[in-house]
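Those letters in the sequence shown? Residues 633 to 1199, per our numbering, in order.
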Amino acid sequence: MNKSWLLLQVVDIGLGSLDDNAAYVFSLFGNVTKNSATINTFANLNTSVQVLSQMSRKIKSMNSEYTADDFLESSSNILEKSLNESWTSEANKGTISLAESYLDSFEDLIQKTNVTRVPKKKNVELAASDCPRGSTCRNTVFDTDVKLVSPDPGSVKTAGFKELENYLPNKDDTYQPNSIVVSVTTERKQSDSVQVQIKFSLNRPRPRNVNMRCVFWDRGARSWSTEGCEWQGASDEGLCVCRHLSSFAVLMSRSPVNIRGLTEVTLVGLSVSVVSLVLTLAIEVIVWSAVVKTDTSYLRHMANVNICLCLLVADCCFLASFNDNNKETWCKIFVALKHFSYLSMFFWMLCLSSMLLHQTVFTLHTMGRKTYLRFSLVLGYVCPLLISVITWFSYNNGAEGEYYSMETCWLCYAGLMKGSIYAFVIPVGIIVFVNVFSMVVVIIKLLNRPMTPEKYNEREKNATITVMRTVILLTPIFGVTWVLGFTHQDPVKYVLLINLLSFPLQGLFILVTTYLADQQVRQFYFFKENFEVNPNNNNNNNKVSCISGSTSVLYCVTLEGENILNI
633 MNKSWLLLQV
643 VDIGLGSLDD
653 NAAYVFSLFG
663 NVTKNSATIN
673 TFANLNTSVQ
683 VLSQMSRKIK
693 SMNSEYTADD
703 FLESSSNILE
713 KSLNESWTSE
723 ANKGTISLAE
733 SYLDSFEDLI
743 QKTNVTRVPK
753 KKNVELAASD
763 CPRGSTCRNT
773 VFDTDVKLVS
783 PDPGSVKTAG
793 FKELENYLPN
803 KDDTYQPNSI
813 VVSVTTERKQ
823 SDSVQVQIKF
833 SLNRPRPRNV
843 NMRCVFWDRG
853 ARSWSTEGCE
863 WQGASDEGLC
873 VCRHLSSFAV
883 LMSRSPVNIR
893 GLTEVTLVGL
903 SVSVVSLVLT
913 LAIEVIVWSA
923 VVKTDTSYLR
933 HMANVNICLC
943 LLVADCCFLA
953 SFNDNNKETW
963 CKIFVALKHF
973 SYLSMFFWML
983 CLSSMLLHQT
993 VFTLHTMGRK
1003 TYLRFSLVLG
1013 YVCPLLISVI
1023 TWFSYNNGAE
1033 GEYYSMETCW
1043 LCYAGLMKGS
1053 IYAFVIPVGI
1063 IVFVNVFSMV
1073 VVIIKLLNRP
1083 MTPEKYNERE
1093 KNATITVMRT
1103 VILLTPIFGV
1113 TWVLGFTHQD
1123 PVKYVLLINL
1133 LSFPLQGLFI
1143 LVTTYLADQQ
1153 VRQFYFFKEN
1163 FEVNPNNNNN
1173 NNKVSCISGS
1183 TSVLYCVTLE
1193 GENILNI
């Protein structure tokens, strides 16, 4: 290293051209740093960084591709992973760390480099492009895509550094680097309207409920800063958008978002749900013979019973999986049961919504009890069973870390559209979408019926009440409350808390909206002696078509469209 250091003293003293001397220094510097074992001390590493620092001050431009290649080669050599101890030595605690000096010197030299084609190095990659006014510049380094949006970008240089993220000082111990460092520079001064979009390739997958930060290196504060940079959320985990030029990286929290009382709230909610489901099934047993008099009511109550049974099994498994003493085998069993039971619950909800949709659209067509039962049993149990079994075998026969996580005792999340969790999320998302569509059709059917002019004002007054009542009654049994989970893009505490309050209380919602709000059930308990079900109420000799909704309210629509009756 001493020979290269002495050569720096004669670079600009008149002995030969400046460019030739710079080329010779970088060539020699590249050869010296090629063997990392010979420079694996803090003193040698410090000298190497000083060489870059002095060169950045002395040379005015770098026009030779060979010189640029030697410069990048030597810069890459001193970032070798084997030099980690020298970079992080206690001696490297001065006013400015080696990593800071390295980054500053490299960025200065890059701005003086006038070449665009330089081979990719092991730890450093440079990409450059000349962009016309009004265009968008794109560069890629180490699988990290960089897009610069500016009115006049000019020459844009993007450099990627491996390992450097581990050496730059990090004052926030709760976050750790999770990407390479990417530097973006331009030859022209940019306006305030500049925008840099960086799609990082993350070093490690982001666990669930773990925050990420998009940061830039603040030279003045000598630390990472989030000012002017935004992380684009869990839907695009590696995407950062910044409103200035600098060196950028992604930091990931060392621990997931923690909400005090989270476990207690979940346990209480699940317990309430289990008790509510037991009460719901008990009520169903008591009123079954009294209220189930037609094929329509039979099909509706049969679907409700299966929804409650599946949810009850899933909630019980969820409660059991909270036991910290669960062994791997039990956790695996609980995950498989929860996966199947929750899926089965949603498929039975789909059975219910499809029946409602069928009877709403095809009011004159009836479905036989046996036909519906065969259809429902296949859809409600066979389909979720196939999904569960295929998922199990697709992830190494239910292996830990692939199929399920011992930490959560639930399916694994390994990133956007990665992990066994999507064998649950995707089917549920499709079913909820279909159920919401069915609910909208019912609302439209209730509102858009022929009306005489004198009844128009009355209809307008009742329209809002009708919509609200239908939404409130249909939402829980159709699983629409689970839509909150799909809006949970970022690990925001408030949204997470709302999710936890809605999901565990699903059983209570079903009890209240499906049974306690059922007029027939209330009449059975309070007017047992005079209770009678009359599903074929033919007023004025009009034929009646009954739409059995999951609200447990039987909607009957006269074919002339004059009235909608709640029986």
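We put the CB at the ideal spot given by N, CA and C, even for glycine. These numbers were taken from a predicted model, which means no experiment stands behind them.
The Cβ-Cβ distance between LEU741 and SER708 does not fall below 8 Å.
Annotation for LEU677: ILE671, ILE710, LEU715, SER718, TRP719 and LEU730 place their beta carbon closer than 7 Å to its own, counting only its chain and skipping 5 residues before and after. In the three-state reduction of the DSSP assignment, ARG770 falls in the strand class, which pools E and B.
Per DSSP, PRO785 is not a residue of any beta strand (DSSP E), being assigned neither H nor E. Here GLN827 carries a strand assignment [DSSP, helix/strand/coil]. Measuring C-alpha to C-alpha distances from SER855 to each of ARG1001, LYS821 and PRO809 identifies PRO809 as the nearest.
CYS1041 is a Cβ neighbour of ASN958, given a cutoff of 8 Å.
Three or more beta-carbon pairs separated by less than 8 Å are not found between the stretch 840-856 and the stretch 904-911, which leaves the two stretches without contact. For VAL945, the CB contacts under 6 Å within the same chain, skipping 5 residues up- and downstream, are SER973 in chain order.
In the DSSP assignment, PHE880 falls within the beta strand (DSSP E) that extends over 879-885. Counting only runs of 4+ residues, the alpha helix (DSSP H) found wholly inside the stretch 693-780 occupies 697-709, 716-719 and 730-743, in chain order.
When DSSP states are grouped into helix, strand and coil, TYR807 belongs to the strand group. Between the alpha carbons of SER737 and PHE658 lies a gap of roughly 14 Å. Per DSSP, the continuous alpha helix (DSSP H) segment holding PHE658 begins and ends at 650-665. Under the three-state reduction of DSSP output, TYR1035 falls in the coil class, being neither helix nor strand.
Beta bridge pairing from DSSP links TRP856 with TRP849.
Excluding the 5 residues flanking it on each side, CYS769 has same chain C-beta neighbours closer than 6 Å at SER761, CYS763, LEU780, PRO785 and VAL788, in chain order. Taking the Cα positions, SER976 is about 36 Å away from LEU834. Sorting VAL814, TRP863 and LEU984 by C-alpha distance to the C-alpha of ILE1063 places LEU984 at the top. With 16 or more other Cβ atoms from the protein chains shown falling within 10 Å of its own Cβ, LEU796 counts as buried. In the DSSP secondary-structure assignment, PHE793 is bridged to VAL756 and VAL813.
Residue range 871-874 is occupied by the beta strand (DSSP E) that includes CYS874. In this chain, the beta strand (DSSP E) harbouring CYS861 covers 861-863. One alpha carbon belongs to ARG840, the other to ASN771, and they sit about 30 Å apart. For GLY1139, the enclosing alpha helix (DSSP H) has its first and last residue at 1138-1142. In the displayed model, MET977 falls within a helix according to three-state DSSP.
With the rule of 3 Cβ pairs closer than 8 Å, the stretch 931-940 counts as touching the stretch 908-921.
Partner residues in the beta bridge of TRP1042, as assigned by DSSP, are SER1037. Going by beta carbons, LEU1137 and GLY901 fall inside the 8 Å limit.
Per DSSP, reduced to three states, the secondary structure at THR992 is helical. ALA968 is a Cβ neighbour of TRP1024, given a cutoff of 8 Å.
Distance from the CA of PHE1056 to the CA of LEU1017, rounded to the nearest whole angstrom, comes to 12 Å.
In the same chain as CYS948, and ignoring 5 residues on each side of it, the C-beta atoms closer than 8 Å to its own belong to VAL906, in chain order.
Annotated three-state conformation of MET1049 is coil, per DSSP.
Contact annotation, PHE832 with THR776: C-beta distance approximately 5 Å; criterion of less than 8 Å satisfied. Between VAL828 and VAL778, the C-beta spacing is below 8 Å.
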